[in-house]
Structures are given as structure tokens and as C-alpha cells.
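Down below is the structure, laid out as C-alpha cells.
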Amino acid sequence: MLLFAASQSVVRQGKSDPSENSRLNQGETPVAGTRLADNLQGRNSMADMTLTTIGGKTHPFYTRVAVAGLLLNGLVSLVFAVLSLIDGEASTVAFFIIYMALSAISVGLMWRFNKWALVVGAIWGFVNLWWGWFLILALSYPNSFFDFVMPLLLTFSALLTGVGATVALVQQRRGTARIAATRTERRTFGAIAIVLLGIVILSGILHIAGRTTGSAEAKAGATVVQMKNSYLAPERLELRVGETAIILLKNNDFFLHTFEIDEFAIERTVLPFGELLIELRPTNTGEFTFRSKAYMTGDMEGTLVVTK
Ligand SMILES: [Cu+2]
Numbered sequence: 014m015l016l017f018a019a020s021q022s023v024v025r026q027g028k029s030d031p032s033e034n035s036r037l038n039q040g041e042t043p044v045a046g047t048r049l050a051d052n053l054q055g056r057n058s059m060a061d062m063t064l065t066t067i068g069g070k071t072h073p074f075y076t077r078v079a080v081a082g083l084l085l086n087g088l089v090s091l092v093f094a095v096l097s098l099i100d101g102e103a104s105t106v107a108f109f110i111i112y113m114a115l116s117a118i119s120v121g122l123m124w125r126f127n128k129w130a131l132v133v134g135a136i137w138g139f140v141n142l143w144w145g146w147f148l149i150l151a152l153s154y155p156n157s158f159f160d161f162v163m164p165l166l167l168t169f170s171a172l173l174t175g176v177g178a179t180v181a182l183v184q185q186r187r188g189t190a191r192i193a194a195t196r197t198e199r200r201t202f203g204a205i206a207i208v209l210l211g212i213v214i215l216s217g218i219l220h221i222a223g224r225t226t227g228s229a230e231a232k233a234g235a236t237v238v239q240m241k242n243s244y245l246a247p248e249r250l251e252l253r254v255g256e257t258a259i260i261l262l263k264n265n266d267f268f269l270h271t272f273e274i275d276e277f278a279i280e281r282t283v284l285p286f287g288e289l290l291i292e293l294r295p296t297n298t299g300e301f302t303f304r305s306k307a308y309m310t311g312d313m314e315g316t317l318v319v320t321k
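Numbering (my numbering), first residue to last: 14 to 321.
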């Protein structure tokens with residue numbers, strides 16, 4: 014979204030930039046079939062303004078599409094890294110910083126070099142389609158903003174990069190690479206951007222609207238189980254057989270966590286920074302496992318001990 018806001022002024026500067034053609038002449042990016050008339054025609058769609066800014070109009074349109082995908086990937090990875098930092102999950106921070114670095118390197122390569130860099134970009138883009146699996150899972154909880162929007166944007170950015178780099182490569186081989194987008198391309202990318210933005214906003218609204226908190230009186234005297242980062246606190250619960258226990262599940266994470274006890278047929282979902290009250294009335298003594306699944310941060314486990 015930042016890209017959209019910043020793009021307009023750069024487009025204007027770009028139009029009167031005399032260095033554009035000289036740069037092309039130096040052969041930094043040889044583009045076959047460049048039509049200046051296309052470059053000078055009016056631009057009105059958000060996607061085109063964004064994609065025009067990326068590459069400063071010296072790179073073919075589909076190379077800029079691929080680069081836009083990588084920049085989106087980098088931006089989402091940065092958000093992930095920051096959330097993980099707040100969560101205190103060092104390994105996740107490291108993972109997303111490496112992820113960002115790989116995308117940045119790909120951008121640099123595609124910027125500087127041509128064919129083989131596009132191959133690298135296409136491969137990196139298609140590899141990142143593994144986020145599609147998380148997106149499929151996330152379809153059942155669009156009301157958990159980060160769980161849903163992160164894989165959505167990462168899958169979309171992977172598609173942009175993979176498809177963009179592939180098309181750029183094919184067009185280059187055929188000598189049909191061009192700097193300007195066609196009218197259809199402008200409309201298509203603009204429509205996709207608007208739909209995505211709409212879905213992101215909707216997910217945010219559902220997230221805020223769906224958060225639950227227990228009432229103060231109900232919470233009084235409840236046993237609190239916190240889901241924080243990738244651990245449960247406490248990891249050991251002790252209950253008396255035949256007595257009703259009220260448990261307050263608190264999710265202190267940016268991501269959704271479940272609370273499950275197979276033997277009690279309990280399977281509940283707690284939204285990020287949400288609370289949920291449940292009642293447990295054990296009828297048998299023994300040791301049971303309670304589980305908390307999180308799609309984005311991993312599963313956790315604790316032990317429930319029921320005594321006489
Ligand atoms: Cu969990």
C-alpha cells in the first residue's frame with residue numbers, strides 16, 4: 014500500500030527524466046520492441062502507477078511485476094519479523110530476516126542482470142508458492158487477521174514473482190518485451206489490487222468484531238491458561254474429580270491458538286488477544302494431554318492431572 018501512495022509523484026518525475034533513454038542506450042537493459050508512444054500515454058490505474066515506479070520505466074513490464082512480487086514478499090516478511098520480535102521468538106525473527114534477504118538479493122539480480130536472473134526470480138517465486146498451503150488452511154479462519162492476511166499476501170507475491178519472471182523471460186526470448194503495460198494488463202492488475210485490499214480490510218473487520226472477552230464476574234476465580242508465543246502457561250493443570258473447574262483461556266499472541274483435550278471432547282479456538290471461558294468437570298482421575306495448536310507458530314502441549 015505504501016508503494017501505491019508513493020508512486021504518483023515518481024511517475025511524474027519519470028516522464029520528464031531525460032536520462033531514461035540514455036540509460037537504455039547504454040544497454041543496461043536491452044528491451045526489444047520498446048514503443049515510446051506507449052510510455053507517454055496517460056496512466057490512471059493504481060497497479061500501473063505502482064509497476065511503473067518499480068523499475069523507473071527502464072525495465073520491461075513483467076520484470077517489474079516480478080520485482081513488485083518480491084517487494085511485497087519483503088514487506089510481509091518484515092512485518093512477520095517484527096511480530097516475532099515482539100513475541101520474543103528469535104528463531105522466527107531469523108527465519109524471516111533470511112527470507113527478506115533472499116527476496117532482496119533476487120530483486121538486485123533482476124535489476125542488474127537479465128536472463129539468468131529472471132530464471133532465479135521465477136524459481137524463487139514458484140518455491141514461495143508453498144505459502145499456498147497455509148492460505149488453504151487459513152480459509153477456515155479469515156477472522157484471524159495475521160493468520161489469514163500473511164499467507165494470502167505471501168502466496169499472491171509468489172504468484173506475481175513466478176508468473177512475472179516467467180512471462181518476462183518468454184517475452185525476451187521472443188523479442189516482444191515492452192516497457193509499458195497494455196490497457197488490459199493495467200485493468201487486470203488494478204482489479205486484483207482492489208480485490209486483495211478489500212479482502213485484507215474485511216479480514217481486519219472480522220478480526221476486531223469477533224474477539225471475545227469473558228465478563229469480569231465469570232472470570233473471577235477461574236484458572237487462567239495463557240497461550241503465549243509457542244508455550245502454554247501453566248503447562249500443568251491440576252483438577253479434582255467431580256468438581257467443576259472454570260478455565261479462562263487467554264491468547265496473548267498475534268496468531269490464533271486452539272485448546273483441545275481429546276478425552277473431554279473439547280476443541281475450541283481462541284482468537285489473537287482474545288479470551289474464552291470453558292468449564293471442565295472431570296469424571297475420571299488420571300493424566301491427560303491438553304493441546305494448543307497454532308498454524309503459524311507451531312503446536313504446544315500441557316498435562317492435565319485429575320486427582321481425587
Ligand atoms: Cu498454541
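C-beta atoms are modelled at their ideal positions from N, C-alpha and C, and glycine is treated no differently.
Residue range R196 to G223 is occupied by the alpha helix (DSSP H) that includes R199, with no beta strand (DSSP E) assigned at that position. With a threshold of 7 Å, the Cβ atom of S305 counts as near ligand 1, since some heavy atom of the ligand is closer than that. Counted as a single uninterrupted DSSP element, the stretch harbouring E273 is not any alpha helix (DSSP H) but the beta strand (DSSP E) occupying residues H270 to I274. Bridge pairing for M309: absent [DSSP]. Membership of R125 in the alpha helix (DSSP H) is indicated by the continuous run A103 to R125. If you check the C-beta of M240 against ligand 1, you find a heavy atom less than 7 Å away.
Annotation: the continuous alpha helix (DSSP H) that includes Y75 extends over F74 to D100. Exposure of A204 is indicated by the presence of fewer than 16 other C-beta atoms within 10 angstroms of its C-beta. Close CB contacts of A117 within its chain, under the 7 Å cut and outside five residues either way in sequence, are with G87 (chain order).
By the Cβ rule, the region 106-116 does not count as touching the region 149-165, because fewer than three pairs are nearer than 8 Å. Relative to the Cα of I192, the nearest Cα in the group Y308, K232 and R77 belongs to R77. In this model, L293 and I260 are separated by some 7 Å (Cα to Cα). Judged by DSSP secondary structure, T179 falls within the alpha helix (DSSP H) whose first and last residues are F158 to R187.
Annotated three-state conformation of L131 is helix, per DSSP.
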